[in-house]
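Input: a single structure, listed below in structure tokens.
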Amino acid sequence: MGFLDITNVTKSYGAVKVLHETDISVEEGEFLVLVGPSGCGKSTLLNMIAGLEDITSGEIAIKGRSMNGVRPADRNIAMVFQSYALYPNMNVGQNIVFGLEMHGVPKPERDKAMNEVAELLQIQHLLDRKPGQLSGGQRQRVAMGRALVRNPDVFLFDEPLSNLDAKLRVDMRTEIKKLHQRLKTTIVYVTHDQIEALTLSTRIAVMYGGHVQQLGTPKEVYDNPANMFVAGFMGSPSMNLFPARIAVENGRAVAVAQLADGSDVSLPFPEARGFERHDGREIVLGLRPEAITDRDGADRNSGAVHVVEAHVEITEPAGSDTFVGTQLGGKPVTGRFRADVEVHAGQSFPFAINMEKAVAFDPKTEERVS
Amino acid sequence: MSSNASATVVRTGAGSRFVIYTLLILFCLYYLLPLYVMVVNSLKPLSEIQAGGMMALPDEWTLAPWASAWSTAQIGVEATGLRPFFVNSIVMVVPAVAISTVLGALNGYVLTKWRFRGDTIIFGLLLFGCFIPFQMVLIPMARMLGIVGLAGTVPGLIFVHLVYGIGFSTLYFRNYYQQFPTELVRAAMIDGAGFFTIFRRIMLPSSGPIAVVCVIWQFTNIWNDFLFGASFSDFDSQPMTVALNNLVQSSTGVKEYNVHFAGAIMAALPTLLVYIVAGRYFVRGLMAGSVKG
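For the record, the sequence lines run as chains A and B. Using numbering that gives the first Met the number 0, the final residue of the first sequence is 369, and nothing's skipped along the way. Using numbering that gives the first Met the number 0, the final residue of the second sequence is 292, and nothing's skipped along the way.
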């Protein structure tokens with residue numbers, strides 16, 4: 000049993016089931032990110048942990064104590080909202096200690112806790128201001144201060160960075176991660192931004208259509224996506240997915256895909272992946288952009304780099320890298336090349352494909368083929 | 000405010016501006032004329048009015064009509080002046096406005112932040128209550144007041160105005176609170192605040208503009224009401240409007256027009272005062288809800 004246990008939890012609004020049977024067990028000190036597109040049920044799940052929404056069936060327990068029917072105030076949780084939800088009529092200090100005041104903490108202790116948190120977040124100079132006088136980043140800090148001061152068992156974050164501009168978002172992301180490393184708190188964090196999920200989490204639950212599609216460490220989710228949705232959702236640019244066929248040539252499994260000029264190319268799988276038994280099967284092959292690169296940029300430690308001459312359709316220089324587009328299996332495919340590679344649209348160019356990173360999916364079920 | 004206005008103003012030529020101002024001044028005079036007549040005639044002796052010359056300034060300025068209207072004029076059978084009825088109106092209007100505003104705020108809070116099954120129906124019925132013509136409820140209401148023993152009393156009048164006022168005040172607050180971020184309520188719930196604490200500490204402090212609108216609206220309506228006052232009050236609980244009518248309508252003796260004018264101004268002063276003090280919030284508050292829809 001973990002620190003926060005979500006057991007067989009579902010949520011329905013009338014006949015519409017927005018969250019299907021979900022089981023997640025979070026250990027103490029873990030940073031769990033719920034990630035998915037809007038409407039996937041991630042915020043609903045978070046609100047159910049907070050007690051802001053009822054559970055249709057199943058159980059949520061914190062520290063072994065069932066939270067079903069327990070008021071949000073009595074769960075010893077704190078939440079940071081997307082809009083920060085700072086009380087506009089109170090100053091920053093009052094905002095931070097409002098929860099303590101409601102829980103009957105005497106004033107000297109409240110002031111002490113407030114000063115500690117203000118120092119931690121470096122907002123001492125803001126304590127007398129009203130939320131309306133603060134910038135977005137400052138509001139974000141105050142909202143976190145309000146959560147921290149309660150010293151809760153579990154922190155809940157509901158897309159806390161989505162109202163900030165791009166630069167500030169990256170800064171605050173780092174700050175949240177530092178804070179977590181320092182305080183070793185248990186956090187459940189909702190976002191639709193897969194980069195946030197990968198950078199912050201110790202574990203990710205990728206959600207879609209009311210189902211948890213995959214639960215695992217950032218590396219597991221990134222390298223071994225359980226299905227095509229996870230493969231396409233995590234990572235930017237997203238994983239290339241194109242149709243191919245498994246064949247066995249000279250006793251070795253290869254993926255046969257069509258190039259833009261109609262000719263076939265054979266991409267040998269590394270040995271011992273066991274694809275030989277799928278001889279003749281139609282699959283969707285998944286390759287991350289970084290697994291398709293220029294010859295010199297390819298991973299030297301990989302034993303399965305295969306070079307393919309292909310037609311360059313487009314190049315997108317992005318400063319640190321150049322993204323190069325071609326076609327495989329009739330689908331556009333993007334490779335991540337080193338920035339100083341001389342490559343131009345219209346020419347034919349050698350693409351180094353690292354098949355060690357290749358994953359295969361069933362085109363019908365969209366599930367992983369192993 | 001002024002810089003705001005200049006940004007939206009359309010530039011016009013001198014000629015058209017002359018026409019616009021002339022028209023505006025004419026309209027202004029037209030609207031101010033009745034007030035002028037009332038003020039001027041309340042400050043002159045009756046003989047001057049009887050001699051004609053309603054529009055003329057007084058030859059002899061006097062406050063006697065005001066004193067008479069306030070404390071000695073004949074109203075009904077007794078020569079009490081308007082004073083006791085003014086007091087009646089105040090005693091009626093203050094609690095009626097206060098209670099209906101607070102209940103409206105509470106209703107709006109529940110209807111937007113504590114939604115429950117059938118809440119739209121309840122709100123619909125409350126809205127419907129706003130538009131029921133007064134005349135329709137006169138007899139049932141009289142019966143009700145009789146049963147609960149409030150007939151012919153000021154508390155009875157307060158009750159009637161309260162019932163009528165809640166519909167409007169709920170409408171105002173409900174629409175206002177609809178714009179109020181629900182995340183704030185949720186944050187307060189997690190912080191441990193209960194239903195009434197959230198209302199008192201989070202919602203009410205942010206309700207200034209709409210509260211002003213609600214108070215002005217209720218105050219004006221209740222103060223100016225004649226029908227309920229005439230129907231549900233006894234002689235000693237009559238509000239100002241009914242007493243003013245009795246003053247003007249009394250059939251004995253000479254018609255003291257100057258006293259009538261003074262009394263009419265007295266009856267209008269409180270609402271005028273409320274508008275002058277809080278009027279700009281009224282316009283602001285009305286706009287605040289409407290643009291963000």
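From the three backbone atoms N, C-alpha and C, an ideal C-beta is built for every residue, glycine too. Bear in mind that the values here come from a model prediction, so they are computed numbers and not experimental data.
For this session: State buried or exposed for ASN7 (chain A), treating a residue as buried only when at least 16 other CB atoms are found within 10 Å of its CB.
Result: exposed
Exercise. If THR55 (chain A) and THR9 (chain A) are in contact, beta carbons under 8 Å, what's the gap, nearest whole angstrom?
Worked result: 5 Å
Exercise. Are any of the Cβ atoms in chain B nearer than 8 Å to that of ALA102 (chain A)?
Worked result: As written in the sequence, residue 102 (chain A) is His, which differs from the Ala given in the question. Taking Cβ atoms only, chain B reaches closer than 8 Å to HIS102 (chain A), which makes this a yes.
Exercise. Closest to PRO349 (chain A) by CA distance: which of A:PRO36, A:ASN67, A:GLU341 is it?
Worked result: A:GLU341
Exercise. Assuming THR111 (chain B) and CYS213 (chain B) make a contact with CB atoms under 8 Å, what is their CB distance in whole Å?
Worked result: Actually they do not touch by this definition, with Cβ atoms about 15 Å apart.
Problem set entry | Reference GLU315 (chain A); option with closest CA among A:ALA297, A:ASP298, A:ARG335, A:ASN300 | A:ARG335
Exercise. In whole angstroms, what separates the C-alpha of ASP224 (chain B) from that of THR240 (chain B)?
Worked result: 7 Å
Exercise. Chain A beta carbons: is any one of them nearer than 8 Å to that of LEU302 (chain B)?
Worked result: Past the boundaries of the shown model lies residue 302 (chain B); chain B is included only from 0 to 292, so the question cannot be answered.
Exercise. Among B:TYR274, B:VAL273, B:ASN257, B:PHE133, which residue has its Cα nearest to the Cα of TYR35 (chain B)?
Worked result: B:ASN257
Exercise. Beta-carbon of GLY293 (chain B) versus every beta-carbon of chain A: anything under 8 Å?
Worked result: Residue 293 (chain B) is absent from the structure shown; chain B starts at 0 and stops at 292.
Exercise. Taking just the CA atoms, how far does VAL368 (chain A) sit from SER161 (chain A)?
Worked result: 35 Å
For this session: Determine the chain B residues that contact PRO87 (chain A) at a beta-carbon separation under 7 Å, and present them in chain order.
Result: SER205
For this session: With a cut-off of 8 Å on the beta carbons, I'd call ARG138 (chain A) and LEU99 (chain A) a contact; round off their distance for me.
Result: Actually they are not in contact, since the Cβ atoms of ARG138 (chain A) and LEU99 (chain A) sit about 20 Å apart, beyond 8 Å.
For this session: Identify, in the order they occur along the chain, each residue of the same chain with its Cβ nearer than 7 Å to the Cβ of PHE232 (chain A), setting aside the five sequence neighbours on each side.
Result: GLN193, VAL205
Exercise. Excluding sequence positions up to five away, which residues of its chain have a Cβ less than 7 Å from the Cβ of PHE17 (chain B)?
Worked result: none
Exercise. In chain order, which continuous runs of the alpha helix (DSSP H) of length 4 or greater are located wholly inside the segment 221-263 of chain A?
Worked result: 227-232
For this session: Report the residue from B:PRO204, B:ILE120, B:MET91 whose alpha carbon sits nearest the alpha carbon of VAL153 (chain B).
Result: B:MET91
Exercise. How many whole angstroms separate the CB atoms of ASN397 (chain A) and ASP152 (chain A), which I take to be in contact at a CB cut-off of 8 Å?
Worked result: The requested residue 397 (chain A) does not occur in the structure, where chain A is confined to residues 0 to 369.
Exercise. Are the C-beta atoms of GLU255 (chain B) and some chain A residue less than 8 Å apart?
Worked result: no
Problem set entry | Contact check, MET321 (chain A) vs ALA338 (chain A), beta carbons under 8 Å | In the sequence as displayed, the identity of residue 321 (chain A) is Thr instead of Met. Yes. Within cutoff.
For this session: Give a yes or no on contact between the segment 226-245 of chain B and the segment 180-190 of chain B, applying the rule of three or more CB pairs nearer than 8 Å.
Result: no
Exercise. Using a Cβ-Cβ distance under 8 Å, would ALA230 (chain A) count as near chain B?
Worked result: no
Problem set entry | Minimum length 4: unbroken alpha helix (DSSP H) runs contained in the segment 49-114 of chain B | 63-66, 82-112
For this session: Over the uninterrupted alpha helix (DSSP H) stretch that includes THR181 (chain B), give me the two end residues.
Result: 181-190
For this session: Using three-state DSSP, classify ARG294 (chain A) as helix, strand or coil.
Result: coil
Exercise. If we count Cβ pairs, one from each stretch, closer than 8 Å, do we get three or more for the segment 241-258 of chain A versus the segment 273-283 of chain A?
Worked result: yes
Exercise. Since TRP222 (chain B) and SER88 (chain B) are thought to touch, with beta carbons under 8 Å apart, how far apart are those beta carbons, to the nearest angstrom?
Worked result: 6 Å
For this session: Compare the Cα-Cα distances from GLY123 (chain B) to each of B:ILE201, B:MET265, B:ASN106 and report the closest residue.
Result: B:ASN106
Exercise. Mind listing which residues of the segment 55-77 of chain A have their C-beta closer than 9 Å to chain B's C-betas, in chain order?
Worked result: ARG70, PRO71, ALA72, ASP73, ARG74, ILE76, ALA77
Exercise. What's the C-alpha gap between PRO224 (chain A) and ALA230 (chain A)?
Worked result: 5 Å
Exercise. For LEU3 (chain A), which beta-bridge partners are listed by DSSP?
Worked result: A:VAL25, A:ILE61
For this session: Return helix, strand or coil for PHE17 (chain B), following the three-state DSSP convention.
Result: helix
For this session: Could you name the residues of the same chain whose beta carbon sits closer than 6 Å to that of LEU327 (chain A), not counting the 5 residues immediately before and after it, in chain order?
Result: PHE241, ALA256
For this session: Kindly indicate if chain A contains any beta-carbon less than 8 Å away from that of LYS291 (chain B).
Result: Low per-residue confidence applies at LYS291 (chain B): pLDDT is 36, beneath 50, and the placement is therefore not dependable enough to give any value.
For this session: Using a Cβ-Cβ cut-off of less than 7 Å, give me the residues of the segment 122-149 of chain A that come near chain B, in sequence order.
Result: none
For this session: Please state whether DSSP places GLU308 (chain A) in a helix, a strand or coil.
Result: strand
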